[in-house]
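Notes follow the structure.
Residue numbers (the numbering used here): 1 to 54.
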């Protein structure tokens with residue numbers, strides 16, 4: 001990707017489910033389990049398609 005290409009991203013609202021396990025539910029219903037504290041979540045539909053997660 002070069003500098004002229006624009007990423008399609010969407011900032012997601014989220015709420016902690018269990019902070020001791022770092023589980024978060026996104027505004028679209030998906031649940032993330034991560035190893036660090038989240039302060040911001042950005043969704044990139046192109047990457048989701050690449051990973052077969054759509």
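We treat Cβ as the ideally placed atom computed from N, Cα and C, and that holds for glycine.
All values derive from a computational prediction rather than experimental measurement.
(message) Restricting to Cα atoms, I'd like to know which of 36, 34 and 28 is closest to residue 11.
(response) 28
(message) Per DSSP, what are the beta-bridge partners of residue 13 in this structure?
(response) In the DSSP output, where bridge partners are listed per residue, residue 13 has none listed.
(message) Taking 8 Å as the threshold (C-beta atoms), are residue 25 and residue 34 in contact?
(response) By the CB criterion at 8 Å, residue 34 and residue 25 fall outside the cutoff.
(message) Assuming residue 43 is part of the beta strand (DSSP E), what are its boundary residues?
(response) 41–43
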